[in-house]
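Reading through the structure tokens given below for one structure.
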Amino acid sequence: MPGLVIVGAQWGDEGKGKVTDLLAERAEAIVRFQGGNNAGHTIVRDGEEFKFHLIPSGILYPDKACVIGNGVVLDPRILLGEIDGLRRRGVDMNNLKISANAHLIMPYHVLLDTAGELKLGKLSLGTTRRGIGPCYADKALRLGIRVQDLLDEKILRAKIRTALASKQQALRELSVQRRKLRKEAGEGGVAEGAIEDAPDPRIDLHTMTEEHVNFGHRLEPHIADTSRLCWDVLDAGKTVIFEGAQATLLDLDHGTYPFVTSSNPIAGAATVGAGIGPTDIDEVWGVAKAYATRVGAGPFPTELEDATGRHMLEKGHEYGTTTGRERRCGWMDLVALRYAVRLNRMSSLAITKLDVLSGLETLRVAVRYRSREGALLDTFPYHQSILHSATPEYEELPGFGADLRECRGADDLPAEARRYLDYIADFVGVPIRLVGVGPGRDQVVWLND
Ligand code: GDP
Numbered sequence: 004m005p006g007l008v009i010v011g012a013q014w015g016d017e018g019k020g021k022v023t024d025l026l027a028e029r030a031e032a033i034v035r036f037q038g039g040n041n042a043g044h045t046i047v048r049d050g051e052e053f054k055f056h057l058i059p060s061g062i063l064y065p066d067k068a069c070v071i072g073n074g075v076v077l078d079p080r081i082l083l084g085e086i087d088g089l090r091r092r093g094v095d096m097n098n099l100k101i102s103a104n105a106h107l108i109m110p111y112h113v114l115l116d117t118a119g120e121l122k123l124g125k126l127s128l129g130t131t132r133r134g135i136g137p138c139y140a141d142k143a144l145r146l147g148i149r150v151q152d153l154l155d156e157k158i159l160r161a162k163i164r165t166a167l168a169s170k171q172q173a174l175r176e177l178s179v180q181r182r183k184l185r186k187e188a189g190e191g192g193v194a195e196g197a198i199e200d201a202p203d204p205r206i207d208l209h210t211m212t213e214e215h216v217n218f219g220h221r222l223e224p225h226i227a228d229t230s231r232l233c234w235d236v237l238d239a240g241k242t243v244i245f246e247g248a249q250a251t252l253l254d255l256d257h258g259t260y261p262f263v264t265s266s267n268p269i270a271g272a273a274t275v276g277a278g279i280g281p282t283d284i285d286e287v288w289g290v291a292k293a294y295a296t297r298v299g300a301g302p303f304p305t306e307l308e309d310a311t312g313r314h315m316l317e318k319g320h321e322y323g324t325t326t327g328r329e330r331r332c333g334w335m336d337l338v339a340l341r342y343a344v345r346l347n348r349m350s351s352l353a354i355t356k357l358d359v360l361s362g363l364e365t366l367r368v369a370v371r372y373r374s375r376e377g378a379l380l381d382t383f384p385y386h387q388s389i390l391h392s393a394t395p396e397y398e399e400l401p402g403f404g405a406d407l408r409e410c411r412g413a414d415d416l417p418a419e420a421r422r423y424l425d426y427i428a429d430f431v432g433v434p435i436r437l438v439g440v441g442p443g444r445d446q447v448v449w450l451n452d
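So in this note's numbering, the last one in the sequence shown is 452, and the numbering has no gaps at all.
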């Protein structure tokens, strides 16, 4: 399995971190290829919980290269915080490598993200407001600042100056907006989300340049030509895992636009975001929960706003790693999963959190949608208006009462749980290789291994 991509098959938070952590045992390098510090992976190792926002979960292995690829956008302040935090917990950071071509999330990106969301009001996308969208926008506009720019003060200053110039109008609008918010909040009060009035030292050219030169000094030992690193490992016949953040249905091109992330989390993007060729990829693993969740706004056909949804939320502990927000919960959507399987051309599936479903008498899986006009849809509709109003039609399967957390082999699983898994695998035509039965790293059942 030299080139193996791991992607989220739903709307994110599927437990990719744990699956990556398990498969990483067999790899030489683990590479993140897109997204920013809006990703949250939680890994439980020997009872200790680690939360990662930017650094690939492979960092817990001291002997493996752990790479932030060129397709990632990174906030150096947050990255350094994460590095320091892990170091304090005794994690060896020497193997962390950062692509010199990755783009930097600058303080003005964070401000503009907040400004954009405030402006949209009720129509806001529910972004994590970390500046990721504006950073990718600058990359496409060729106004971005890259990691390598941190190493040359003159270039850095010139690039920040140019990037800032094009944002004056938006930043001015932001300060007007702030004043309005403050007024609405009443005298003396500051509305939620408001930021203090300009001049904001965070976006002062000299302060920013100085601060970032400093970040550069601290990051320099980690900065590398990470594509070459991947080629060398692959050419030696060893395994590289390409770890996606977010998930297929949040893909900028193929997800439920505009309620998506600003990058491409699908498997094909691993080539661009890590600097490898398509034929370097040998396997694609999709990670899906045994049910479905979604954070933020956007269509979610199988959403449940009842006791079953509450069961999933509470038992599955469905709160965002990065934001703490409650996740929306619902039944497994096989129409959407089949779409994800094809988009990524998955070769294997990992189904996580099966343990969360125990105690539900009947399990449902969406097998088709019905449009508002009554048409039956077997495939994921390309038109957003149809998806927004589609209602799912379900297949019902018997539930299981048993606690699965101690299951370690296929035979330990109740027959109803196996039937549920078989139904999913048959429907989407991809073998399930791994089943999660608890957050711990040993709480898994390997199948078809
Ligand atoms: P990621 O971003 O896809 O890695 O997902 P997160 O880390 O945000 O969310 C997954 C959460 O589910 C974490 O808290 C994991 O510890 C937990 N988790 C992963 N697999 C399982 C599982 O099989 N069962 C249960 N109950 N929790 C799991």
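Glycine is no exception: its CB is placed at the ideal position from the N, C-alpha and C atoms. For clarity, every value in this text was computed on a predicted model and none was experimentally measured.
query: Would you kindly check if the distance between the Cβ of Asn-98 and the Cβ of Gly-278 is under 8 angstroms?; result: no
query: Measure the alpha-carbon distance for Thr-210 versus Leu-114 and round it to whole angstroms.; result: 16 angstroms
query: Out of Leu-107, Lys-186, Tyr-139, which has the shortest C-alpha to C-alpha gap to Ile-163?; result: Leu-107
query: Considering only the beta carbon of each residue, do Thr-212 and Glu-156 sit closer than 8 angstroms?; result: yes
query: Does ligand 1 have a heavy atom nearer than 7 angstroms to the CB of Gln-172?; result: no
query: For Glu-398, tell me which candidate among Arg-422, His-386, Phe-303 has the shortest Cα-Cα distance.; result: Arg-422
query: Tell me whether Glu-306 sits in a helix, a strand or coil according to DSSP, three-state version.; result: strand
query: Could you tell me which residues DSSP puts in a beta bridge with Trp-449?; result: Leu-437
query: Could you check what DSSP says for Met-315 in three-state terms: helix, strand or coil?; result: helix
query: Between which two residues does the alpha helix (DSSP H) containing Tyr-139 stretch?; result: 135 to 144
query: By the three-class DSSP mapping on this structure, what secondary structure does Cys-69 have?; result: strand
query: Determine the burial state of Arg-91: buried for a count of at least 16 other Cβ atoms within 10 Å of its Cβ, exposed for fewer.; result: exposed
query: Quick check: does the Cβ of Ala-420 come within less than 7 angstroms of any heavy atom belonging to ligand 1?; result: no
query: For His-44, which option in Pro-281, Gly-11, Glu-31, Val-179 has the closest C-alpha, if you only look at C-alpha atoms?; result: Gly-11
query: Counting pairs of beta carbons, one from the segment 287 to 302 and one from the segment 16 to 25, are three or more of them closer than 8 angstroms?; result: yes
query: Please find out if some non-hydrogen atom of ligand 1 comes closer than 7 angstroms to the beta-carbon of Asp-406.; result: no
query: Would Ala-239 be called buried (16 or more neighbouring beta carbons within 10 Å of its own) or exposed?; result: exposed
query: Would you grab the beta carbon distance between Tyr-372 and Pro-401 for me? Rounded to a whole angstrom, and I think it's under 8 angstroms.; result: So it is not a contact: roughly 24 angstroms between Cβ atoms.
query: On the premise that Glu-306 lies in contact with Arg-341, defined as a C-beta separation below 8 angstroms, what is that separation, rounded to the nearest angstrom?; result: That belief does not hold up - the Cβ atoms of Arg-341 and Glu-306 are roughly 19 angstroms apart, past 8 angstroms.
query: Hey, Gln-37 and Gly-312 are a contact pair by Cβ (cut 8 angstroms); roughly how many whole angstroms apart?; result: About 30 angstroms separates the two Cβ atoms, so there is no contact after all.
query: Which whole-angstrom value is the C-beta distance of Asn-40 and Leu-77, which I expect to be below 8 angstroms?; result: 7 angstroms
query: Determine the direct distance from the alpha carbon of Ile-46 to that of Arg-444, and round the result to whole angstroms.; result: 8 angstroms
query: Determine the direct distance from the alpha carbon of Leu-357 to that of Thr-117, and round the result to whole angstroms.; result: 36 angstroms
query: Roughly how many whole angstroms lie between the Cα atoms of Gly-299 and Thr-251?; result: 15 angstroms
query: Among residues of its own chain, excluding the 5 on either side of Gly-441, which ones have a beta-carbon nearer than 6 angstroms to its beta-carbon?; result: Asp-358, Arg-408
query: Could you check if Gly-319 is buried or exposed, using at least 16 other CB atoms within 10 Å of its CB as the buried criterion?; result: buried
query: Kindly indicate which three-state DSSP category Thr-264 falls into: helix, strand or coil?; result: coil
query: How many whole angstroms separate the CB atoms of Thr-382 and Val-338, which I take to be in contact at a CB cut-off of 8 angstroms?; result: 7 angstroms
query: Just reading off the alpha helix (DSSP H) that Trp-234 is part of, what are its end residues?; result: 229 to 238
query: Taking Gly-59 and Ile-33 to be in contact with their CB atoms under 8 angstroms, please state how far apart those CB atoms are, rounded to whole angstroms.; result: Note that residue 59 is Pro in the sequence shown here, rather than Gly. Their Cβ separation, rounded to whole angstroms, is 5 angstroms, which keeps Pro-59 and Ile-33 in contact under 8 angstroms.
query: Which residue marks the beginning of the alpha helix (DSSP H) containing Pro-79, and which one marks its end?; result: 79 to 91
query: Out of Tyr-111, Gly-219, Gly-84, state which residue places its alpha-carbon closest to the alpha-carbon of Ala-168.; result: Tyr-111
query: Between Pro-65 and Glu-31, what straight-line distance do the alpha-carbon atoms span, to the nearest angstrom?; result: 11 angstroms
query: Using 10 angstroms around the beta-carbon of Ser-388, count the other beta-carbons present and answer buried if the total reaches 16, otherwise exposed.; result: exposed
query: Could you give the distance in angstroms between the alpha-carbon of Gly-192 and the alpha-carbon of Gly-432?; result: Caution is warranted here: a pLDDT of 47 is assigned to Gly-192, below 50, making its placement in the model unreliable, and no coordinate value can be reported.
query: Flag His-44 as yes when its Cβ comes closer than 7 angstroms to any non-hydrogen atom of ligand 1, and as no otherwise.; result: yes
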